[in-house]
Structures are given as structure tokens and as C-alpha cells.
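Enquirer:
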Amino acid sequence: MESTASQLRSRRWTRDSYLISTDTSLVPIPELNAAFASEEFYWGKPLSAPVMRETLQNSLCFALYDIKSHPVKEAETLLRAQAASSDEVSTPKAENAPTLLGFGRIITDYTTIAFVTDVWVHPSTQGKGLGTWLVQCLQEVIESMPHLRRSMLLTGSWDKSVPFYQKLMKMDLMNENTGKNELAVMTMIWKGNSHWVEPEA
127 MESTASQLRS RRWTRDSYLI STDTSLVPIP ELNAAFASEE FYWGKPLSAP
177 VMRETLQNSL CFALYDIKSH PVKEAETLLR AQAASSDEVS TPKAENAPTL
227 LGFGRIITDY TTIAFVTDVW VHPSTQGKGL GTWLVQCLQE VIESMPHLRR
277 SMLLTGSWDK SVPFYQKLMK MDLMNENTGK NELAVMTMIW KGNSHWVEPE
327 A
């Protein structure tokens with residue numbers, strides 16, 4: 127019987143010319159590190175290729191791609207070949223090659239805890255609803271875990287991210303913004319938690 131981890135690591139969603147996949151073998155490390163080096167990724171920095179690859183393998187990752195006009199299977203083959211060709215330096219791509227546009231990961235034991243982190247989308251996607259779609263996919267997987275006790279995340283973006291995650295991930299804010307540059311702590315209790323109360327219909 128396939129493990130829960132294996133099942134969740136092979137999920138995919140499609141919308142128009144976009145693909146979200148949890149298959150880490152598709153992720154181009156140089157492109158992801160370029161995202162980690164961007165201004166939008168203010169909470170972290172790039173990792174060496176071996177460390178980044180291990181980080182991906184130890185997390186449940188969601189990568190958003192523009193697959194252009196390619197069928198999904200063909201796009202996955204192209205992405206996998208691209209990811210395998212070089213972990214250190216981006217290689218030249220054809221004009222219509224699939225492109226990484228977003229990312230997010232869940233640190234999890236696949237059973238009781240889900241810590242959401244490193245959610246990023248390329249600035250060019252703004253206004254297209256792709257960031258919302260990416261987070262909805264994360265939330266769909268979180269809600270599918272029958273023994274989950276708690277999902278949580280940290281964010282420094284009080285004005286934008288806190289209401290965004292409250293709406294899409296049903297998370298409660300656990301602390302107040304005192305203006306001292308502290309992180310917002312957000313969490314949601316799930317069915318595996320002893321304090322879980324079934325919502326009223």
C-alpha cells in the first residue's frame with residue numbers, strides 16, 4: 127500500500143496554462159534559488175544546491191509552473207530533464223519552456239503537524255489569482271490529513287499576509303502586532319487535536 131507521504135508527493139493541479147505539482151524532481155534549483163534571492167523573499171536567502179535539494183526532499187513542496195502550450199505529461203518530462211541537468215547554474219531554455227512562477231512548502235510528518243513556510247509567487251503573476259490558487263492547494267492537502275492536530279505558520283507581513291491566511295487557511299492569529307517587528311504567529315486546530323470542536327453545520 128502506498129504511504130501517505132508518497133501519495134501527497136505526487137499530487138498535481140492544473141488551470142489554464144498553469145500547473146501546481148508536489149513532485150520535487152521537477153523543481154529547477156537555480157530558478158528556485160533566484161526566487162530565494164529576490165526582494166519578495168525577504169525572510170530567507172539562497173541555499174547551496176545540495177542543501178536546497180535535501181530541503182525539498184524533507185518537505186512537502188508545491189511548485190507553480192507556467193507550462194505554456196505543453197500538455198501536462200510533456201511539461202513534467204521537460205521540467206524533470208531541466209531539473210536534472212544542473213543544480214548550480216540555470217541552463218538556457220527554449221522560449222516556450224515551462225517556467226517556475228511560485229512555490230510553497232509544508233514541513234510535516236504527514237500525520238499530525240503541518241508548518242507552512244516559504245510561500246512565494248513571482249511578481250509577474252500579480253492580479254491573476256495564482257497566489258490564491260497556490261495557497262488553496264496547500265490548504266486542500268492540509269484538510270485531507272485525517273489525524274492532523276495543528277497547522278501553523280509565521281509571517282512578518284501583518285497587513286497583507288495575516289488577513290490573507292485567515293481567509294484562505296482558516297488560521298487564527300495568536301499574538302498582537304506591537305510594532306516591534308515581531309512575527310505574526312498563526313495556527314489552526316484540526317481533528318487530531320484534543321481541543322477540536324466540530325463546526326456547526
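Counting along the sequence shown from 1, when you hit position 179 you're at 305 in my numbering, and nothing is skipped either side. For glycine and all other residues, C-beta sits at the position ideal for the given N, C-alpha and C.
Hey, how far is the Cα of Leu145 from the Cα of Asn319?
Expert: 33 Å
Enquirer: Note the first and the last residue of the continuous alpha helix (DSSP H) segment covering Leu186.
Expert: No alpha helix (DSSP H) holds Leu186; the beta strand (DSSP E) holding it covers 186 to 192.
Enquirer: For Ser277 and Gln292, what's the separation of their Cα atoms in angstroms?
Expert: 12 Å
Enquirer: In this structure, how does DSSP classify Leu226 when only helix, strand and coil are distinguished?
Expert: strand
Enquirer: Of all the options Thr203, Val323, Gly257, which has the alpha carbon lying nearest to the alpha carbon of Glu166?
Expert: Gly257
Enquirer: Span of the alpha helix (DSSP H) holding Val267?
Expert: Counting along the chain, Val267 sits inside the alpha helix (DSSP H) bounded by residues 256 to 269.
Enquirer: To the nearest angstrom, how far is the alpha carbon of Ser185 from that of Asp149?
Expert: 11 Å
Enquirer: Please state whether DSSP places Tyr168 in a helix, a strand or coil.
Expert: coil
Enquirer: When DSSP labels each residue in this structure, what does Val242 get in the three-state scheme?
Expert: strand
Enquirer: Given this structure, state the Cα-to-Cα distance separating His273 from Thr130, to the nearest angstrom.
Expert: 12 Å
Enquirer: May I ask you to verify whether the stretch 293 to 301 touches the stretch 217 to 236, counting CB pairs closer than 8 Å and requiring at least 3?
Expert: no
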